[in-house]
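Chains as they are written, first to last, in our numbering: chain Z, 1 to 371; chain L, 372 to 742; chain C, 743 to 1113; chain R, 1114 to 1484. Working notes, beginning with the structure itself.
Number of protein chains: 4
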Amino acid sequence: MAERVSKVGVGIVGPTGYTGLELIELIMRHPAIEIAYLASARTPAPAIDEEFPRLKGRLPRERVGCEAIDSGRIAERCKLVFLCLPHEAAMEQTPGLLAAGVKVVDLSAAYRLREAETYESAYGHAHTDVENLAGAVYGLTEFARERVRGARLVANPGCYPTAAAIALVPLLRAGLIRANSIVINAASGVSGAGRSPKANLHFPEANENYSPYGIGTHRHQPEIGQSLRRWGIPPFGEDLIAPGIEGCDDPLFVPHLLPIERGILETIYALPVSDGLKTSQLQEALCEAYRDEPFVVVRDGDPTITLRDVQRTNRVHVNARIVCPRAGRAGREEPRVVVIAAEDNLVKGASGQAVQNANLMLGLEESLGLV
Amino acid sequence: MAERVSKVGVGIVGPTGYTGLELIELIMRHPAIEIAYLASARTPAPAIDEEFPRLKGRLPRERVGCEAIDSGRIAERCKLVFLCLPHEAAMEQTPGLLAAGVKVVDLSAAYRLREAETYESAYGHAHTDVENLAGAVYGLTEFARERVRGARLVANPGCYPTAAAIALVPLLRAGLIRANSIVINAASGVSGAGRSPKANLHFPEANENYSPYGIGTHRHQPEIGQSLRRWGIPPFGEDLIAPGIEGCDDPLFVPHLLPIERGILETIYALPVSDGLKTSQLQEALCEAYRDEPFVVVRDGDPTITLRDVQRTNRVHVNARIVCPRAGRAGREEPRVVVIAAEDNLVKGASGQAVQNANLMLGLEESLGLV
Amino acid sequence: MAERVSKVGVGIVGPTGYTGLELIELIMRHPAIEIAYLASARTPAPAIDEEFPRLKGRLPRERVGCEAIDSGRIAERCKLVFLCLPHEAAMEQTPGLLAAGVKVVDLSAAYRLREAETYESAYGHAHTDVENLAGAVYGLTEFARERVRGARLVANPGCYPTAAAIALVPLLRAGLIRANSIVINAASGVSGAGRSPKANLHFPEANENYSPYGIGTHRHQPEIGQSLRRWGIPPFGEDLIAPGIEGCDDPLFVPHLLPIERGILETIYALPVSDGLKTSQLQEALCEAYRDEPFVVVRDGDPTITLRDVQRTNRVHVNARIVCPRAGRAGREEPRVVVIAAEDNLVKGASGQAVQNANLMLGLEESLGLV
Amino acid sequence: MAERVSKVGVGIVGPTGYTGLELIELIMRHPAIEIAYLASARTPAPAIDEEFPRLKGRLPRERVGCEAIDSGRIAERCKLVFLCLPHEAAMEQTPGLLAAGVKVVDLSAAYRLREAETYESAYGHAHTDVENLAGAVYGLTEFARERVRGARLVANPGCYPTAAAIALVPLLRAGLIRANSIVINAASGVSGAGRSPKANLHFPEANENYSPYGIGTHRHQPEIGQSLRRWGIPPFGEDLIAPGIEGCDDPLFVPHLLPIERGILETIYALPVSDGLKTSQLQEALCEAYRDEPFVVVRDGDPTITLRDVQRTNRVHVNARIVCPRAGRAGREEPRVVVIAAEDNLVKGASGQAVQNANLMLGLEESLGLV
């Protein structure tokens, strides 16, 4: 066996939510990074294995107790921290951590929307760290790999936007679908709503249930629109993200709550640019885009993609097809494009992609620890 | 208390599936009809309370054992039978039952599609009872009440088509949405797939899972199209159902499997006929259509409609809204219509609507036994 | 059909929890009683169909709005009320309602334990209505039918205690099992814990989970002990309930939380009084006790009893057997008795039994409305 | 980073069931072993990523296709194989694999029961490889570490027996509980029943359900008894396993089916050897036994142990307590011992423990790859 190699120390700020736990589980199995600091804003700081008894005996004794959020001390032990905080708290902590020389992967939405104005309109409060917003890299790794490698601050993408962009960017880029015809029907497990008890997430309410929410008003809608414009519409570019101008508005986004713990599946509808478009062209565009990507699997149409295929992996499974409900009859002129994309909202949709980004920021192999 | 009034005898042919059980539960509580015959094709005929131990002690002793499918004997005891058989078997049994003078509510798809050709193309086998097909009444009760009242054979609608037609007919009829823009994203509990074990419905596979299936190819797609043309497109009429001609093709229909027992929720997307259309106009069209309907509830937008609101009731909950993802920005010209409709697939989507139809066929109050 | 007969008015105080909803659903289908008053302590009083949108359109318009808890006005419309309040609130409201001439079925634990001292030790607060405690009838209907018929105040039994007493009383009474050897391993759906969100009942925590709780310390343990002594140990009698003296202590009771909405299944272990005891003797004792009971089903050993058999019915399914792990080998002298009992915690374990009791108190047929 | 070290090749025979998939997932993350052969008896041999689409892109291309079960070719690439076959097939394949020089970890029950006679009575067919049965090591790693290290054939323990033995052996060994008083009430997720669809495991049947099965007749009962006698009763020894003689019969074992994918929780009841026994003594015996064990966590009583604490880990969580239902009253002389033990049936109860054993057999660190 190889002799033990010292690992890179990283921290988690706000480890008591579901993305925090997922990060801990991922890092415990990671061959090259290790948890060097768990920071909590709570007083007294909790023991992480009291919060999550499943961690008992799995962490080094000195890592069990959370510590205060102290940038200086964090910087002594960590090259990078994962922020798992509410948006506002993330904007408060980020400047100090960056100033202390720690790289930051922020799992909140604080630095995802390039324009502070869009952020404020979506999240309902002012952006308090516009300075760092300008330099933040939106870490949808497959499209931003080189920028992530050099970043000091990565805004880890939202769960729904990750699957949506992976599904749609290659089809837009190849000029196969009409940008303004896109409708994203999405469904997510309850862990995406966080760990705080709520009336509609009380077990007897959410169990055996299913419902839409935030129809056309969800905060991830502008984030999806930004990615489609940035990477799907020519001239492609990091800063070409304003809606309207490029002929690609935010798509209609309708999320639903599934009675399961984890997983997101998006069923996406669009119109083809030309009536003669074939399924094979759509699939080729996806295959071409993701040929060398370890974390995107382009699936055939059969068997169908299910959440079970992606849960607890860092992968997005995706496929696309043309559907003509009345092929062979007169009438319908417009065939439809249906794209399916699935991921685990806590892995590729949050903590897994965060580790993927951290690997790059730390100069490690991108897929380390993400089997 | 009122003295005991004798009840009308009805039969169930094929009571060992989920729609059969649901019918038994509904009829046991019904004040005016009672089970007089349980007919099974199995040899030996099963005891229904061995099939479903939850029925033990709840049925009269003489009703526990299923009997052979014998039209003559059924006719002696029953004015009406519910057929809960596979499509082919339903076409075999119906002529004899009708000939024996028994009214029939068929819960299979055998008599739903008015054109034998459409049936054959959707179900993959020949229609073997074209004679009765011509006289069958498609029992979407809210739109066919008077015809059902006089019918000898009612084709009970499919689960998905019931919710879709309830949601869309008034909006089409009022000229608010473009027929050929409709996309129906639906999700159903597993009971809709029947009681036979299958690999993908094995508990550890279906549990915590979610997936699309039959994308654009599901058998209910032409049934939905037929209802939209029949009742949604002028000149409205029972026989104006051919696609293409009327400018209303079958809509794109994409069902998904939910990890729950029962319930269907459809999230329906369409383009408004005019850009200035308002949510209030959509809601008014629905309210107007269903003002006096006991089994359709037009809901406000908030709180959202959930499956829990309709499970184990005979009701459809429905609402509609206009969504403009980028209101206030340049760019998007086309606002979208989003319609939500939910029902219990085993009640309004099957056995409940069957009882609703049977009530009418037997001259009873339509809502009896369907609290 | 019978002409409409006027129904008896009843009220529900505290209808916004799960037992309240279940009562409303049961009474809506009841042929002889109707909801005449919904009383809530909240200000402003909620509309019940906002609390539970599934009730929309199913209640008379004048019953939708909850009203204040006003004994006088309740008495004008109601012969009987169901109290679905916290224990302390039940003790506050009961005296006034009784004084106003209204009969009361209390679904809280306030009047279940005959000795105030036992109540106080189990519930951790003083009993504030000892006067009515003395006259309250513990409404385990199968064992207290005649007393319930004449009662003004019925303490509706706890969910776990109902199944436990149904399972064990006949076996104790027949002298077949040793009272002090009883261990009750129980499992319940989450609805038993009420409608208030809690951290351990948050969907992502309770889902796919299972755990014991209140091991040997649950409040239902003394209630079970009281029933076993009262009805299982000679000389049988309403007031012979003190532990210790009669040789029947409280049994060990260990409840578990199941990741389902509803249902209780108890797996009960005991030692037989004699080594030669046979399964047939146990089953005969149960059959004998419940021969004429509409709501207890004595099941054979095969197929096994499942929760699905009793959910949404007012029935307890029960059976008992002798098990000798090493039959045919030397060694084990003590065969074991295993008793299984299942019920729906919200029906026979709460609201269904409450209606059963109300039927008797109102001079109606006991099983009315409880198909 | 360490340079890449070559890994030890292992095979899986029968990889298309749930234990096979779990092994693949574990080995993909393992730092020192790798899959070198997937052998299936099916013709044609399936592609493993068609069986489990979640594996797509995660295995080397040459490992995707299953190959025939060919001992010689397996031996060329593998030092060790995991057998995930039905019991009879395991007895057929084992001799050839051992003869070819491959070490075997058998996940079936074929080699678990030391006496062929006991096997035959529990499993209902003859043991066809008595020769290797004699040399097989029962791999409950915590109690058999040294023997496993030297073994060529390890019988990987059953899921229920693993938790039961971990929970009870230290308490028996310390002389704290009465062997013949033990009752094990267990509950398991559905994955324990395998991947073949069955009527009672069809989603709409198993979902929202819970039931006992195999009451006192489950095949794991004698396996549990064997472990208790072997390691719990003096004189402790591998071969002292016959029931009756040592005063420790098989305990009463009652499993239940939970509506979840995975996890086993056992609630175990026993009588203390002396009335004065304290919870602290029970806990000390457990702590003492498992002080240095990486995969056993002795938990305090609060918060309670839940399945969530152990799912997808290789750990057993356990605790024990004394309960006196009527402490402070007269009457009860016999306090009870309640032991709780939880594990993941597919990890510590199957594939995880198999890897733990394989690590030892291959001279690797026991906990490698089992974070």
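Glycine included, every Cβ here is placed at the ideal spot set by N, Cα and C.
Across the structure, L/R633 and C/G1094 are spaced so that their CA atoms are roughly 23 Å apart. DSSP places R/A1145 in the coil class of the three-state scheme, outside both helix and strand.
Membership of C/T1021 in any beta strand (DSSP E) is not indicated; the residue belongs instead to the alpha helix (DSSP H) covering T1021 to Y1032. Taken atom to atom, the span from the alpha-carbon of C/I754 to that of C/A1092 is near 13 Å. Restricting attention to alpha helix (DSSP H) runs no shorter than 4 residues, the stretch 527-597 of chain L encloses them at 530-544 and 574-577, ordered along the chain. Remark: C-beta atoms of L/D621 and Z/P161 do not approach each other more closely than 8 Å.
Close CB contacts of C/Y1032 within its chain, under the 6 Å cut and outside five residues either way in sequence, are with V1038 and V1040 (chain order). By the Cβ rule, the stretch 859-869 of chain C does not count as touching the stretch 907-915 of chain C, because fewer than three pairs are nearer than 8 Å. Here the stretch 313-320 of chain Z does not lie against the stretch 578-590 of chain L, with fewer than 3 beta-carbon pairs under 8 Å apart. For L/R444, the uninterrupted alpha helix (DSSP H) run begins and ends at S442 to R448, by DSSP. Of all residues in the stretch 265-278 of chain Z, only L265, T267 and Y269 place a beta-carbon less than 8 Å from a beta-carbon of chain L. Not one beta carbon of chain C lies nearer than 8 Å to the beta carbon of R/D1219. Under DSSP, C/G1105 shares a beta bridge with no residue. Sorting C/R854, C/E857, C/I975 and C/R819 by C-alpha distance to the C-alpha of C/A842 places C/R819 at the top. The stretch 61-73 of chain Z makes contact with the stretch 91-109 of chain Z: 3 or more CB pairs, one atom from each, lie closer than 8 Å. Taking every protein chain shown into account, the CB of L/E736 has fewer than 16 other CB atoms within 10 angstroms, so this residue is exposed. R/K1169 carries a coil assignment under DSSP once its states are collapsed to helix, strand and coil. Cβ-Cβ separation between Z/G363 and Z/L26: approximately 18 Å, too far for a contact (criterion under 8 Å). The three-state secondary structure of C/Y865, taken from DSSP, is helix.
Around C/L994, the beta-carbon contacts reaching into chain R at under 8 Å are Y1382, V1436, P1438, R1449 and V1451. Neighbours of R/P1157 in chain Z, taken as residues whose beta carbon is under 8 Å from its own, are absent, since the nearest beta carbon is some 18 Å off. Using a Cβ-Cβ cut-off of 8 Å, Z/T313 does not count as an interface residue toward chain L, since no Cβ of chain L sits closer than that to its own. Comparing C-alpha distances from R/L1196 to each of R/L1281, R/E1175 and R/A1222 shows the shortest one belongs to R/A1222. The shortest C-alpha to C-alpha distance from C/A832 to any of C/G756, C/G751 and C/Y861 is the one to C/G756.
DSSP, reduced to helix, strand and coil, places R/V1423 outside both helices and strands of the structure shown, so it counts as coil. Interface criterion not met: the Cβ of C/E947 is under 8 Å from no Cβ in chain L. Contact check between the stretch 1381-1396 of chain R and the stretch 1289-1305 of chain R: three or more CB pairs, one atom from each, fall below 8 Å, which counts as touching. Partner residues in the beta bridge of L/E438, as assigned by DSSP, are L/A410. Around L/A729, the same chain offers L451 and V476 as residues with beta carbons nearer than 6 Å, after the five sequence neighbours per side are excluded.
Nearest C-alpha to Z/E51 among Z/L307, Z/P259, Z/R195 and Z/L282: Z/R195. The C-beta of R/G1263 comes no closer than 8 Å to any C-beta of chain Z.
Taken through DSSP and simplified to helix, strand or coil, R/Y1131 comes out as helix. R/P1416 is positioned such that its CB atom lies no closer than 8 Å to that of R/I1435. Sequence-ordered contacts of the stretch 657-682 of chain L with chain C read P665, V668, R670, P674, I676, T677, R679, D680, V681 and Q682 [C-beta pairs closer than 8 Å]. For Z/D106, there is no enclosing alpha helix (DSSP H); the enclosing beta strand (DSSP E) has its first and last residue at K103 to D106.
DSSP, reduced to helix, strand and coil, places C/V1080 within a strand of the structure shown.
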